[in-house]
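J.:
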């Protein structure tokens with residue numbers, strides 16, 4: 040045990056050696072004193088008293104000799120800490136992890152067997168309903184397209200409006216054409232008048248061409 044502390048705690052080597060030397064010297068002196076007491080009192084007829092004194096001093100010496108072991112020996116504390124560590128991280132944690140694993144297994148099982156079947160049933164039901172609605176919508180669209188392709192017979196009012204509009208258009212075009220014709224005629228008349236005036240002016244001024 041001494042070598043363990045000297046090996047793994049070299050920073051306290053001097054102090055440990057000093058403490059061990061003190062206890063070794065004390066034990067040695069007690070043992071020597073025990074021998075002297077036994078030799079001194081063996082001639083006085085008090086052998087019983089000397090015997091018990093030897094035993095007590097021997098026990099004290101042994102206890103003092105065990106003091107370094109008790110001070111420096113932390114095996115009990117270390118074992119307790121190790122057991123507590125194992126209890127916390129192996130037993131309790133293992134139990135909690137096992138419980139968590141069982142909970143996860145139960146959840147996965149419920150999802151696999153109960154919720155999945157329910158989702159499949161609801162999905163099939165909703166998909167069937169959705170498919171029916173989509174087919175109905177497509178039929179409505181096709182009907183609308185067919186109706187749009189059919190030529191509608193115009194109503195009487197619409198036909199009268201179209202005829203009136205065409206008549207107004209024809210009148211407008213006739214008036215426009217008549218206006219163009221009047222403009223052309225006026226231009227021709229003006230040209231003839233200008234030509235006559237120019238010829239009269241030539242005659243009056245005796246201008247030859």
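Numbering (the working numbering), first residue to last: 40 to 248. Note that the Cβ used here is the ideal one computed from N, Cα and C, for glycine as well. Nothing here was measured: the structure is a model prediction, and the numbers come from that model.
Taking the alpha helix (DSSP H) that residue 174 falls in, what are its first and last residues?
T.: That run of the alpha helix (DSSP H) goes 155-188.
J.: Is any non-hydrogen atom of the ligand NAP found closer than 7 Å to the C-beta of residue 225, if you look at the structure I gave you?
T.: This structure lacks the ligand NAP; in fact it carries no ligand of any kind.
J.: Which class does residue 225 belong to by DSSP, given the choice of helix, strand or coil?
T.: If DSSP states are grouped into helix, strand and coil, residue 225 belongs with the helices.
J.: Have a look at residue 232 and residue 195 and give me their C-alpha separation to the nearest angstrom.
T.: Those two C-alpha atoms are separated by around 55 Å.
J.: Just verifying my parser: in three-state terms, what is the DSSP assignment at residue 263?
T.: In the structure as shown, the chain begins at 40 and stops at 248. Residue 263 is therefore absent and cannot be evaluated.
J.: If we define contact as Cβ-Cβ less than 8 Å, is residue 183 a contact residue for chain B?
T.: The structure shown has no chain B; it contains just one protein chain.
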